[in-house]
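Note that my numbering has the sequence shown beginning at 301, numbered continuously upward. By construction, the Cβ of each residue, glycine as well, lies at the ideal position given by its N, Cα and C atoms. Quick caveat: nothing in here was measured; it's all calculated off a predicted structure. One structure is given here, and the rest of the page talks about it.
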Amino acid sequence: MYIIGGLGMLKLYQKRHPDVNPNAYAAYMFFAGVIFMAVIGVVYGTKAFWGLFTFVYILATLFLNMELYYMGRWSFDLKVFKRAYVMLRTDYLQCTDCKPMYTSRFVLLTIGNLVNLALALAGAIYQPQDFASFLLGIVISNLLIYFGFYIIMKIISGEKIRFLTCLLILQSAAVWAAALYFFLEANTSWQKMPAESRAQNRPCVLLGFYDTHDIWHFLSAVSLFCSFIVLLVLDDDLDYVRRDQIAVF
301 MYIIGGLGML KLYQKRHPDV NPNAYAAYMF FAGVIFMAVI GVVYGTKAFW GLFTFVYILA
361 TLFLNMELYY MGRWSFDLKV FKRAYVMLRT DYLQCTDCKP MYTSRFVLLT IGNLVNLALA
421 LAGAIYQPQD FASFLLGIVI SNLLIYFGFY IIMKIISGEK IRFLTCLLIL QSAAVWAAAL
481 YFFLEANTSW QKMPAESRAQ NRPCVLLGFY DTHDIWHFLS AVSLFCSFIV LLVLDDDLDY
541 VRRDQIAVF
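Right under this line is the structure:
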């Protein structure tokens, strides 16, 4: 699910930045880093780990927001903090009537930043024992935030969303809601001993053979299929529009 969520965000980004082709090795190395952090969080969920994770999480959020706001037209190197300080001192502190260059994009990314900051602080304060599910929640939340950002920016840019696409979005949302319902109805726990986990088992609810966890797998597979169909048809209204006339965001 971590990789699927990451690939979904990467696909959305490449829809408006076809010239940006991240190296496959680098992309999957990043996914490997996320999975490695999930394993470390499950095995060694200490206060030091949570402090490090919160710092890395906030830093990564700021980096991705800069990438989205400036549409890839900026460089991340050792002098990035110096450039940010100079820009803040000369452009913002000395300006009496300043406003963002891309107002709508700035507002939407600010909302996303606040959500991610709230998640980071909640993790640092409460330190949930099930770190893997917490990290998965972060990935899914950011995928939904980026998808919402894409839809809103598409509408602001004067583009249309076709009726079939709207139906697919609603269908995907409905199936995801049903899948998450059965996911939260957990009848096992990897955090407990096998005997203790089996004590949580309940009667099968589908055909006398499948339990709620099996239904979660069925519905999540359908949900993923619907979600990627949405990604496939989301920009069907631009089929006959020249690439240099399509808005970039």
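For Glu459, the closest C-alpha among the options Gln427, Tyr302 and Val541 is that of Val541. Under the DSSP assignment, Arg316 falls in the alpha helix (DSSP H) whose first and last residues are Tyr302 to Arg316.
A residue is called buried once 16 or more other Cβ atoms fall within 10 Å of its Cβ, and Ser457, having fewer, is exposed. Beta-carbon to beta-carbon, Leu519 and Ala479 are separated by about 4 Å, close enough to satisfy the 8 Å threshold. Straight-line measurement puts the Cα of Gly351 at about 13 Å from the Cα of Ile340. Here Tyr328 carries a helix assignment [DSSP, helix/strand/coil].
A direct Cα-Cα distance of roughly 33 Å separates Phe431 from Leu534.
Phe509 and Arg502 have their alpha carbons spaced roughly 11 Å apart. Buried is the label assigned to Phe449, since at least 16 other Cβ atoms lie within 10 Å of its Cβ.
Under DSSP, the beta-bridge partners assigned to Leu506 are Tyr510. Cβ neighbours of Lys311 within its own chain (closer than 6 Å, five residues either side excluded): Leu531.
Annotation: the continuous alpha helix (DSSP H) that includes Val356 extends over Lys347 to Tyr369. The beta carbon of Arg316 sits closer than 7 Å to those of Val548 and Phe549, all from its chain and outside the five residues before and after it, given in chain order. Secondary structure at Phe549: coil, using DSSP grouped into helix, strand and coil. Within 10 angstroms of the beta-carbon of Ile425 lie fewer than 16 other beta-carbons, which makes it exposed. With a cutoff of 8 Å on beta-carbon distance, Ile358 and Ala420 are scored as near each other. Gln429 carries a coil assignment under DSSP once its states are collapsed to helix, strand and coil. Taking the Cβ atoms as the reference, Thr465 lies roughly 31 Å from Glu485, outside the contact range of under 8 Å.
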